[in-house]
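Step one of this worksheet: look at the structure below.
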Amino acid sequence: MKKQKKNSLCKEFTKGIIKQNPVLRLVLGTCATLAVTTSFVNGLGMGLAVIVVLVCSNVVISLLRKAIPNKVRIPAYVIVIAAFVTIVQMIVKAYVPVLDEALGIFLPLIVVNCIILGRAEAFAGKNPVLASALDGLGMGVGFTAALCTMGLFRELVGSGTILSGIQSLLSIFGDNVFGGFNGIDLYEVFPWLEKLSLQPITLFILPSGGFFTFGVLMAITNRLAEGKGEKKAELPDCAACPMASACRMKPEEQHKEGTA
Amino acid sequence: MKFYIALLLMGLLTQNFILSKFLGICPFLGVSKKLNTAAGMSAAVIFVMLLSTAVCYPINLFLENHDLAYLQTIVFILVIAALVQFLETVMKKYMKALYQALGIYLPLITTNCAVLGVVILNVDNGYNFPQSMVNSLAAGLGFGLAMILFAGVRGRLENNDIPKFMEGLPVTLVAAALVSLSFLGFSGIIEGMGLL
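Written out as structure tokens, the structure is:
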């Protein structure tokens, strides 16, 4: 009995990482994914901020799930989430100002990131505290993993560097961690790249490259998922949308509209 | 005057909310399948953006005067959510025609990052009231332009033979990449016209 419970808790954590990856499988939080992945470090920073907000808000919402009346639950969730976003914003501004500049407006916009409100509505509002915390952690790790993958690729192709600026994140742990490692510049390590006039494809760190990379990554995941017998990733249907209860654009109505 | 024209051009072309700032991607991908829904959504977004900027500007002044600027995120999202809810109720009761045209999109706009985004951007850039309003209008129009253009692109996509794994979302994203790339051609237009 106890073992079974442990297994199910473990599942709450792992499902978010691959099987229900919020970015690549559930297609949530697209705005932030596209905007901040111009480098690995920005993706990682955004991911960490989202993990903190997601775990904290999931825990608090789960604790309050019996106290919040059903009718006002969405505004109540939004307040809890906004409070944690403000805390994270302050911490980032104080300790990692470089990251605050890089993420810019997308740091406060975590409030309207559909992953967080979506998990509150779909999971934390109905489940006990520990499971909700693990669900938040798993989803957050999945989000971070997807962002880091995209960031790594876009940075490598778009500016010819790997993990550039990582010291700004590491500086939380003290000065010159890992001997002051601050990423690799391919053009310094391999000078012959320049002789062959191999320039980085700047397009990939521009907005257009973000759309392109995300599209191709999505196609690859679809292919892998089909090999495992899973469905293709589609835009979130009404079941996944946190606003479903307030929305009147139900699929059958859209269908009617289409045939009329 | 020059500055206002620059703001409009930035919102529409060079700093387009969807295509270069990545704000409001969810409705961009979700509601752009048909031209009339895309236009309806855009109209609702422009309307809510202007209204929330008008309401949030004085509130922000109050917060800043009382050293409460750290409450901005919480207050703005609450004000926008309450405003949208209020607007929906009023429209339902007194403006039936408008409600039928825009009403269904309103609840979705509460959690749209473009609306909160434009309010925060206005504050971050330190725009005064008329500048904020023009910037919101430009952002909304840019949102609409991208939505409507993309609805056309998607209409074309549907009749094509697409590789199996690119079908659906991936090919939509790649098409968006091309639309975004074409908007890159406008960069420098504001400096070129000597507006900034």
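Quick note, the sequences are listed as chains U and Z, same order. Take the first sequence: its position 161, counted from the start at 1, is 160 in numbering that gives the first Met the number 0, and no numbers get skipped. Take the second sequence: its position 139, counted from the start at 1, is 138 in numbering that gives the first Met the number 0, and no numbers get skipped. Heads up, the beta-carbon is just placed ideally off N, CA and C, and yes, glycines get one too.
Out of the options, state which residue places its alpha-carbon closest to the alpha-carbon of residue i.
i, options, result
"Gly-137(U)", "Cys-147(U), Gly-117(U), Val-128(U) and Thr-13(U)", "Thr-13(U)"
"Phe-21(Z)", "Ser-179(Z), Met-192(Z) and Ile-189(Z)", "Ser-179(Z)"
"Phe-207(Z)", "Phe-177(U), Leu-62(U) and Ala-34(U)", "As shown, chain Z starts at 0 and ends at 195. That puts residue 207(Z) outside it, with no answer to give."
"Pro-26(Z)", "Leu-12(Z), Ala-100(Z), Thr-72(Z) and Ala-113(Z)", "Ala-113(Z)"
"Ile-114(U)", "Thr-36(U), Ile-171(U) and Thr-29(U)", "Thr-29(U)"
"Phe-142(U)", "Val-49(U), Lys-5(U) and Cys-9(U)", "Val-49(U)"
"Ser-7(U)", "Asp-134(U), Ala-119(U), Phe-177(U) and Gly-179(U)", "Asp-134(U)"
"Phe-105(U)", "Tyr-56(Z), Leu-115(Z) and Ile-161(Z)", "Leu-115(Z)"
"Gln-166(U)", "Thr-160(U), Phe-177(U) and Val-156(U)", "Phe-177(U)"
"Val-156(U)", "Ile-60(U), Phe-39(U), Lys-5(U) and Ala-31(U)", "Phe-39(U)"
"Ala-144(U)", "Lys-4(U), Glu-11(U), Lys-5(U) and Thr-32(U)", "Thr-32(U)"
With DSSP as the reference, label residue i as helix, strand or coil.
i, result
"Ile-4(Z)", "helix"
"Thr-160(U)", "strand"
"Ala-238(U)", "For Ala-238(U), the pLDDT reaches just 47, beneath the cut-off of 50, and the residue's location in the model is therefore unreliable, although a value from the coordinates is still provided. If DSSP states are grouped into helix, strand and coil, Ala-238(U) belongs with coil."
"Ile-67(U)", "coil"
"Ile-260(U)", "Any property of residue 260(U) remains undetermined from this structure, which presents chain U solely from 0 to 259."
"Gln-14(Z)", "coil"
"Gly-135(U)", "helix"
"Thr-88(Z)", "helix"
"Lys-5(U)", "helix"
"Met-165(Z)", "helix"
"Arg-118(U)", "helix"
"Asp-99(U)", "helix"
"Phe-160(Z)", "The question names Phe, yet the displayed sequence has Asp at residue 160(Z). Note: Asp-160(Z) maps to coil in three-state DSSP."
"Val-26(U)", "coil"
"Ser-196(U)", "coil"
"Phe-142(Z)", "helix"
"Ser-186(Z)", "coil"
"Pro-74(U)", "helix"
"Asn-112(U)", "coil"
"Gly-23(Z)", "coil"
Quick one: Cα of residue i to Cα of residue j, how far?
i, j, result
"Ala-75(U)", "Met-45(U)", "24 Å"
"Asn-126(U)", "Ala-82(U)", "21 Å"
"Ala-238(U)", "Leu-25(U)", "Because Ala-238(U) sits at a pLDDT of 47, beneath the cut-off of 50, its placement in the model cannot be relied upon, and the following sentence gives the value as read from the coordinates. Taking the straight line from one Cα to the other gives about 11 Å."
"Asn-124(Z)", "Pro-206(U)", "21 Å"
"Ser-131(U)", "Asn-112(U)", "18 Å"
"Ala-81(Z)", "Asn-121(Z)", "20 Å"
"Glu-229(U)", "Gly-23(Z)", "28 Å"
"Ala-38(Z)", "Ala-150(Z)", "9 Å"
"Ala-121(U)", "Ile-73(U)", "12 Å"
"Glu-166(Z)", "Met-146(Z)", "20 Å"
"Gly-42(U)", "Asn-134(Z)", "28 Å"
"Leu-136(Z)", "Leu-192(U)", "46 Å"
"Thr-13(Z)", "Lys-4(U)", "54 Å"
"Leu-199(Z)", "Val-215(U)", "Only positions 0 to 195 of chain Z appear in the structure, and residue 199(Z) is not among them; the question remains open."
"Phe-211(U)", "Ile-108(Z)", "26 Å"
"Gly-143(Z)", "Met-40(Z)", "8 Å"
"Phe-182(Z)", "Leu-62(U)", "47 Å"
Closer than 7 Å by beta-carbon distance: list the chain U residues that pair up with residue i, in chain order.
i, result
"Ala-175(Z)", "Phe-210"
"Gly-116(Z)", "Ile-104 and Leu-108"
"Cys-112(Z)", "Cys-30, Leu-108 and Val-111"
"Ile-147(Z)", "Chain U residues near Ile-147(Z): none, gap ~18 Å exceeds 7 Å."
Whose Cβ in chain Z lies nearer than 9 Å to the Cβ of residue i?
i, result
"Gly-214(U)", "Met-165, Leu-168, Pro-169, Val-170, Thr-171, Leu-172, Val-173, Ala-174, Ala-175 and Ala-176"
Return the bridge partner residues of residue i from the DSSP annotation.
i, result
"Ile-183(U)", "Ile-161(U)"
Which residues in chain Z have a C-beta closer than 7 Å to the C-beta of residue i? List them in chain order.
i, result
"Met-45(U)", "Chain Z residues near Met-45(U): none, gap ~12 Å exceeds 7 Å."
"Arg-222(U)", "Phe-164"
"Pro-74(U)", "Ala-80"
"Pro-96(U)", "None at all; the shortest Cβ gap to chain Z is about 15 Å."
"Pro-206(U)", "Leu-18, Ser-19, Phe-21 and Ser-179"
"Leu-116(U)", "Thr-110"
Return yes when the C-beta of residue i is under 6 Å from any heavy atom of the ligand MN, and no when it is not.
i, result
"Val-87(U)", "Although the ligand MN was asked about, the structure shown includes no ligands whatsoever."
Which chain U residues are close to residue i, counting only those with a beta carbon under 9 Å from its beta carbon?
i, result
"Tyr-69(Z)", "Thr-85, Gln-88 and Met-89"
"Thr-13(Z)", "Ordered by position in chain U, no residue passes the 9 Å Cβ test against Thr-13(Z), which lies about 11 Å from the chain."
"Asp-123(Z)", "Gly-103 and Ile-104"
"Cys-55(Z)", "In chain order: nothing, as chain U lies at least about 13 Å away."
"Leu-6(Z)", "Those within 9 Å of Leu-6(Z) in chain U number zero; the least Cβ separation is about 17 Å."
For a contact meaning CB atoms closer than 8 Å, what does residue i contact in chain Z?
i, result
"Thr-13(U)", "The contacting residues do not exist; Thr-13(U) stays about 24 Å from chain Z at best."
"Met-217(U)", "Leu-168, Pro-169 and Leu-172"
"Leu-33(U)", "Phe-21 and Ile-24"
Kindly list, in the order they appear in chain U, the residues whose Cβ is closer than 8 Å to that of residue i.
i, result
"Ile-76(Z)", "Val-77, Ala-81, Val-110 and Val-111"
"Thr-72(Z)", "Ala-81, Val-84, Thr-85, Gln-88, Pro-107 and Val-110"
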